[in-house]
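K.L.:
For reference, the structure I am asking about is given below.
There are 2 protein chains.
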Amino acid sequence: MDNSKDTYHVTLKPSGKRIEIVPGTLVSDAIDQAGLELNLPCGGQGRCGRCKVVVEEGQVKRRSISRLSRTELEQGYALACQAVLESDLTVFIPPQEVILRALPSEKEARKVITLPVECDWRKNPVRSFFLEIEPPSLADNTTDFERLQRELARQHGIRGLVADLPVIKKLGRTMRDANWRVTAVLDMGDWASPDGPPRLIDLRAGDRTGSSWAVAVDIGTTSNVVYLVDLLTSQVVDTAAEYNAQISCGEDVISRIIYATKQEGGLDHLQRLVVQTINGRIEELVERNGIDPTEIDKMTVAGNPTMIHLFLGLWPESIRLEPYVPTVNHPLPVKARELGLHINPEATVDCLPGVGAYVGADTTAGVLGSLMYQTEELTLFIDVGTNGEIVLGNNDWLLSCACSAGPAFEGAGVHSGMRATIGAIEEVWINTKTYEPTYRVIGDVPPRGICGSGMISLLAEMFITGVIDKGGRINQSLDTPRVRIGEHGPEYVIAWAEETQCPTSNVKRQTSNVKRQTSNHALSVAEGVKRGAQDVVITEVDIANLIRAKAAFYAGFSVLTRSVGLQLAEVEQVLIGGAFGQYINVEKAIQIGLLPDMPWERFKFLGNTSALGAYTALLCPDMRQEVVDIASKMTYLELSADNTFMDEFTKALFLPHTDLASFPSVVRLL
Amino acid sequence: MDNSKDTYHVTLKPSGKRIEIVPGTLVSDAIDQAGLELNLPCGGQGRCGRCKVVVEEGQVKRRSISRLSRTELEQGYALACQAVLESDLTVFIPPQEVILRALPSEKEARKVITLPVECDWRKNPVRSFFLEIEPPSLADNTTDFERLQRELARQHGIRGLVADLPVIKKLGRTMRDANWRVTAVLDMGDWASPDGPPRLIDLRAGDRTGSSWAVAVDIGTTSNVVYLVDLLTSQVVDTAAEYNAQISCGEDVISRIIYATKQEGGLDHLQRLVVQTINGRIEELVERNGIDPTEIDKMTVAGNPTMIHLFLGLWPESIRLEPYVPTVNHPLPVKARELGLHINPEATVDCLPGVGAYVGADTTAGVLGSLMYQTEELTLFIDVGTNGEIVLGNNDWLLSCACSAGPAFEGAGVHSGMRATIGAIEEVWINTKTYEPTYRVIGDVPPRGICGSGMISLLAEMFITGVIDKGGRINQSLDTPRVRIGEHGPEYVIAWAEETQCPTSNVKRQTSNVKRQTSNHALSVAEGVKRGAQDVVITEVDIANLIRAKAAFYAGFSVLTRSVGLQLAEVEQVLIGGAFGQYINVEKAIQIGLLPDMPWERFKFLGNTSALGAYTALLCPDMRQEVVDIASKMTYLELSADNTFMDEFTKALFLPHTDLASFPSVVRLL
């Protein structure tokens, strides 16, 4: 240690880059200053353990070693976000996970998305009017804008037209270049001013009334989805999806908020990242459909409150801190140009209203898209995502809460966990006698890890076959090499290291529907590169994480139903939304107590209800108003402020539950 | 000439800069490409003759030599904007005029500006409300924005608050940093939406209701004026004025339009220049008065249509081309941030409405400021500027026209002309026997040229003493060395070269109320530096220019009065606005036929009526509406489309006029 020096020399391998750094700097900041990229999934809190680096020479102070094993420490591993420079240093940065990811399957792409409800979509506020205008003369020298106002009134009965400066700027040249034959594109008024005045959002040369486009966007913490909507037919003509580029700055909303508020320029960076992701999808859609992006004249957005805040660039800190208050639940409409979106710069961008800090526009849109607000049946709506939202109610009342299930089901915080991409184990069966597993892998390649649906399946099988007990403890006395004591304690081996080996050609660059994307996750893979292939395992610690996640959901159901004096058994239907929700096996989910035990036919999988709701609200002003009504009608229960939640959560920390009477089908099986 | 070469070497003196330029390039473009500055007052049309350079070596093709004398041609002079490179070149760029300019005199600065009319200025739309807000809690977790809305309604009865994204972005932190004691600054609605909704334009920490600021701006073609207004007292607390920085790109509106539309990036450049000028004045005002510029919460702007278009960045070309149609007469309000103004970025910037291509917000504001729309007397309102606007009428009707008097009275297009700054001859008397002149110079220094009021005075004296005849021809037979044939034909010497010599210390850097500013004008002075001092003269060509200018005004009066079946003599009062107007000597102006011959007491000089009107409209919503009524009530007569104008103009091309019966006082004098 050489405290007398002003700066230290840091060499970063494998790039070989050398920089000078002042003492006391974090290794992650040094890497950043060197212009190299290192993702910090948990936002630099030392929670996720994904920014591991190897200190080959020199000295660092490790603020936290909680995510490092003994072996890793011996090998010189440190968390870059927790390691403070104390001397000249040589640091090796292992490659972070490279995800080979499947885009929406063909089956999904072919799925026709339709409006979930009959509504008067021809009343959508974007209208185009073709005008043939008498050119000005000395006898009639009305100005360009006043002439346009006059002709819109004369020819189409539209009065009181207004326009923002950028449109006024282009009027004169457009009208003359088009020889006074123009299409005026108007936004007739959004929810904030439903009776106008009509706003001129573009003036286009010639008759362009034959096409009219808009997009509905769902900004998920993990995935962003864009629907391209033909406003003349109401059809979704194409969809595009991509991981939210913000993932590199944190995997859950809390990590993102920390990144936004603690990192210099963090909020702006996150805002740019999500806009980048959306712009990329729009580019994809307009190219595929031969559309000019500036002809997209409206955008409606759903997402959880944190996602909406980050999209708009609103300071999100108060969402994270008690008493959990967003800046705004119902943002006023903004213009595309204000956010850097590559569509018509004057297009209205309308973010749907949320209800509270963790129940947002994704939920209100989901309730709209699921139509639960129209039914008389007592309905439980679950949006299963990185954050879970639950709504209980019917056409009369709606009660909601959010449970911070955490990203365990998305593959984070689990040793061999990964997202539902190529190489992920998605279903597991365990032989009741030999305890040998068989499994199915996404993309039919050797397994690289296990994803959420795989974990539910695995957990259920382990429980049913007795590999684990109801507390999630692994039975050490079983006669199988699959059960052992690993570095992190007791674990079960799902796949041996040799099973994970494969000719790289198999998974590499499956051109058309596979894309490369750097991510943050599972250093296990990266480590494999350096230290050789590893077994795919599930540890008792992982199991405890998963049980906490499922318990959070179930406790949410319980508290909601009890708070209105009802029993879960009285629920007449369970609607499951969210992208991940689509792949849940109901039987297995009931077996571990993630879903309540009721006849399978009561469960309905609705897919991306958030995007569906955004699409509906985009098209139909009545439905847009309906979302407002849903939001104002919905009571928000803050679980952290509810004193029964902890009881319910604790009761649910068993497989399937402390109260076995609530899980008769599981009791029968055992 | 060497046509075979791809590029020519151009050396620019005195800097010595060398660049390579492709054949066929204009010398002015070459100078621009070299990164040197050369002002093109007429926008590069070869009209003004101010971009003269000396071709010391090499060959250029002179497209126009109309502004060059024989001697100058012999000396190698060329107009940079009209000279095409035909060989390697060495060009000397003489210094363009450096103006030593007097800021508003102390007398003027001490003048108290008051509202010209009683009006309810407390209804001005900017309002501040102090709020003490209960912080959020788990029991009351309403969002920040909805909480603010609720408290404004509860504590002050303000409902339906809206806000733009930049304000929403700062809510959360401001409220918490201020410990929930904040001042909400609202714009309660402009003319475009007089009934709101109220718009939150800032949220400030603590109780800031004790101050409230706004600015009224007059954007003249030549000068820009800013009034700092205290909204709590209605007082103009300070004023600042400066030349419009656009002057370097053209001295009149036509030259500016040409610059904006023909030069690459010209419009943006002009927009930035005028905003720079205004920002500079605001900086001056806030420094002098200890105000934070972001506390200026509103701006009202008057100016002619071209100035308003350039300020907003609107394409001005159609103003210049028949049928002379602006993009818009009544621009919708914009936000300060949209224009790059350094005040509260959310402040509403309200441009007052105009009437036609050359009768703009300066005229409607002038009519408001002059109160002519309230009087029963038949009134002639004249705004004398680079462009002249005339309004005839009373409280019943208003008829307006514009006459392109041209910049002669501003000193351009006149051999020894200059603006009304230090060193300008502002008054002249000629001895009736010796024809020797005496004169008064602004700043009491040796004369450098002659300004507008000096020219009116000179012209009148020459006419009365018989130095010129009624056609403006100089009497060659007079026995005086003052009359001679110069390079441009017959001329009269006002001041000999030796009178113009002075120790530079006299005018140089008169620190406190004199500023240096580069300009474009009067190469005569620059030439003086190179070729020795010159006589200050007026040529027959100059006189013809001045007569055309005054004839344009007078023809305007005649056409306006005749078009409503009246006689000029029936006009009961003549109100003269405009900065230049203040310095006109009525007697002399009548003698040359610039003003109609009527008792002097009918003339009233009102000063800057345009700024006064902007100030009034800024403060009083009723008066703001009055400007709209004035604009809509005002008939615009396009003189170029009026077939009697040419007749009237021709008749006025004499001193004082063909119709001597209309000038009895002048006849008596002769």
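Chains A and B, in that order, give the protein sequences.
Read in order, the letters of the first sequence are residues 760 to 1429 in the numbering used here.
Read in order, the letters of the second sequence are residues 760 to 1429 in the numbering used here.
Built from N, CA and C at the ideal position, the CB exists for glycine as well.
This one's a predicted model, so the numbers in the text were calculated from it and none came from an experiment.
Looking only at C-alpha atoms, which of A:805, A:1077, A:796, A:782 sits nearest to residue 817 (chain A)?
P.N.:
With distances taken between Cα atoms, residue 817 (chain A) lies closest to A:782.
K.L.:
Identify each residue in the stretch 901-928 of chain A for which the Cβ-Cβ distance to at least one residue of chain B is less than 9 Å, and report them in chain order.
P.N.:
Listed in sequence order: 901, 902, 903, 904, 905, 906, 921, 922, 923, 924, 925, 927, 928.
K.L.:
Whose CA, out of A:828, A:1053, A:1224, A:1089, lies closest to the CA of residue 923 (chain B)?
P.N.:
Minimum Cα distance to residue 923 (chain B) is reached at A:1089.
K.L.:
Would you verify that the beta carbon of residue 1188 (chain B) is, or is not, closer than 8 Å to some beta carbon of chain A?
P.N.:
No, no contact with chain A.
K.L.:
Using 10 angstroms around the beta-carbon of residue 1074 (chain B), count the other beta-carbons present and answer buried if the total reaches 16, otherwise exposed.
P.N.:
Burial call: buried.
K.L.:
Might you give, ordered along the chain, the residues of its own chain that have their beta carbon closer than 7 Å to the beta carbon of residue 951 (chain A), omitting 5 neighbours on each side?
P.N.:
Answer for residue 951 (chain A): 1091, 1092, listed in chain order.
K.L.:
Below 8 Å, can you find three or more Cβ-Cβ pairs linking the stretch 1243-1252 of chain A to the stretch 833-852 of chain A?
P.N.:
Output reads no: the stretch 833-852 of chain A does not touch the stretch 1243-1252 of chain A.
K.L.:
Just checking: is the beta-carbon of residue 932 (chain B) within a distance shorter than 8 Å of some beta-carbon in chain A?
P.N.:
Interface residue, yes.
K.L.:
In chain B, which residues lie with their C-beta within 9 Å of the C-beta of residue 1100 (chain A)?
P.N.:
Those do not exist, as residue 1100 (chain A) stays about 13 Å from chain B at its closest Cβ, beyond 9 Å.
K.L.:
Mind pulling the chain A residues with CB within less than 9 Å of residue 897 (chain B)?
P.N.:
Here the neighbours are 1081, 1082, 1083, 1397, 1399, 1400.
K.L.:
Counting only runs that start and end within the stretch 1083-1162 of chain A, where is the beta strand (DSSP E) found for 3 or more residues in a row?
P.N.:
If we require 3 residues or more, the beta strand (DSSP E) runs fully inside the stretch 1083-1162 of chain A come out as 1107-1110, 1138-1142, 1147-1152, 1157-1162.
K.L.:
So, are the CB atoms of residue 1357 (chain B) and residue 1310 (chain B) less than 8 Å apart?
P.N.:
For residue 1357 (chain B) and residue 1310 (chain B), no; Cβs fall outside 8 Å.
K.L.:
Show which residues of chain B have a CB atom less than 9 Å away from the CB atom of residue 1074 (chain A).
P.N.:
Chain B residues near residue 1074 (chain A): 928, 929, 930, 931, 932.
K.L.:
List, in order along the chain, the chain A residues whose C-beta lies closer than 9 Å to that of residue 1159 (chain B)?
P.N.:
By Cβ distance, chain A contributes nothing, its closest Cβ being about 13 Å from residue 1159 (chain B), past 9 Å.
K.L.:
How would you list, in chain order, the residues of chain A whose beta-carbon sits under 7 Å from the beta-carbon of residue 1328 (chain B)?
P.N.:
The contacting residues do not exist; residue 1328 (chain B) stays about 30 Å from chain A at best.
K.L.:
Kindly say whether residue 1071 (chain B), judged by its beta-carbon, lies nearer than 8 Å to any beta-carbon of chain A.
P.N.:
Yes, residue 1071 (chain B) lies at the interface with chain A (some Cβ there is under 8 Å from its Cβ).
K.L.:
Taking Cβ positions, are residue 884 (chain B) and residue 920 (chain B) nearer each other than 8 Å?
P.N.:
Cβ distance not < 8 Å, so residue 884 (chain B) and residue 920 (chain B) don't count as in contact.
K.L.:
Taking any Cβ of chain B, which residues in the stretch 1020-1044 of chain A have a Cβ under 7 Å from it, in chain order?
P.N.:
From the stretch 1020-1044 of chain A, no residue has a Cβ closer than 7 Å to chain B.
K.L.:
When we look at the beta-carbon of residue 1405 (chain B) and count the other beta-carbons within 10 Å, is it buried (16 or more) or exposed?
P.N.:
Exposed.
K.L.:
Would DSSP call residue 903 (chain B) helix, strand or coil?
P.N.:
Of the three classes helix, strand and coil, the one that applies to residue 903 (chain B) here is helix, per DSSP.
K.L.:
I'd like to confirm the pairing. Which residues does DSSP put opposite residue 983 (chain A) in its beta bridges?
P.N.:
In DSSP, residue 983 (chain A) forms a bridge with A:978, A:1001.
K.L.:
Contact criterion: CB-CB distance below 8 Å. Does residue 1114 (chain B) meet it with respect to chain A?
P.N.:
No, residue 1114 (chain B) does not count as interfacial toward chain A.
K.L.:
What residues from chain A crowd round residue 1088 (chain B), counting only those whose CB sits closer than 9 Å?
P.N.:
What residue 1088 (chain B) touches in chain A: 901, 902, 904, 905.
K.L.:
Going along the chain, which residues of the stretch 950-979 of chain B sit with their C-beta nearer than 9 Å to a C-beta in chain A?
P.N.:
Cβ contacts with chain A: 951, 952, 956.
K.L.:
Using a Cβ-Cβ cutoff of 9 Å, what residues of the stretch 868-896 of chain A are near chain C? List them in chain order.
P.N.:
Structure shown: chain C not included; protein chains present are A and B.
K.L.:
Does any residue of chain B bring its CB to less than 8 Å from the CB of residue 1111 (chain A)?
P.N.:
No, its Cβ sits nowhere closer than 8 Å to a Cβ of chain B.
K.L.:
Less than 8 Å between C-beta atoms, sequence neighbours within five positions excluded: which residues of the same chain meet that for residue 775 (chain B)?
P.N.:
So the list is empty, once near-sequence residues are dropped.
K.L.:
Return the residue from the list A:893, A:1322, A:1324 that minimises the CA-CA distance to residue 1082 (chain B).
P.N.:
Looking at the Cα atoms, A:893 is the closest of the given residues.
K.L.:
Reducing DSSP to helix, strand and coil, say where residue 1241 (chain B) ends up.
P.N.:
Residue 1241 (chain B) falls in the coil class under three-state DSSP.
K.L.:
So, with DSSP's three-state summary, where would you put residue 898 (chain B)?
P.N.:
It is coil, neither helix nor strand.
K.L.:
Looking only at its chain, what residues have a beta carbon closer than 7 Å to the beta carbon of residue 1225 (chain B), apart from the 5 residues adjacent to it on each side?
P.N.:
Excluding sequence neighbours, residue 1225 (chain B) sits near 1234.
K.L.:
Which class does residue 1265 (chain A) belong to by DSSP, given the choice of helix, strand or coil?
P.N.:
Note that residue 1265 (chain A) scores a pLDDT of 36, beneath 50, so its modelled location is shaky; the value from the coordinates is reported in the next line. The answer is helix: DSSP assigns residue 1265 (chain A) an H, G or I state.
K.L.:
Can you name the start and end residues of the alpha helix (DSSP H) that residue 1228 (chain A) belongs to?
P.N.:
It is not in any alpha helix (DSSP H) - residue 1228 (chain A) carries neither H nor E in the DSSP assignment.
K.L.:
Could you tell me the distance, in whole angstroms, from the CA atom of residue 993 (chain A) to the CA atom of residue 1107 (chain B)?
P.N.:
Taking the straight line joining both Cα atoms gives about 38 Å.
K.L.:
Can you find at least 3 beta carbon pairs, one from the stretch 970-984 of chain A and one from the stretch 928-936 of chain A, that sit closer than 8 Å?
P.N.:
Because the criterion of three Cβ pairs below 8 Å is not met, the stretch 970-984 of chain A and the stretch 928-936 of chain A do not touch.
K.L.:
Less than 8 Å between the CB atoms is what I'm expecting for residue 1158 (chain A) and residue 1354 (chain A), so what's the real figure, rounded?
P.N.:
At roughly 18 Å, the Cβ-Cβ gap does not stay under 8 Å, so residue 1158 (chain A) and residue 1354 (chain A) are not in contact.
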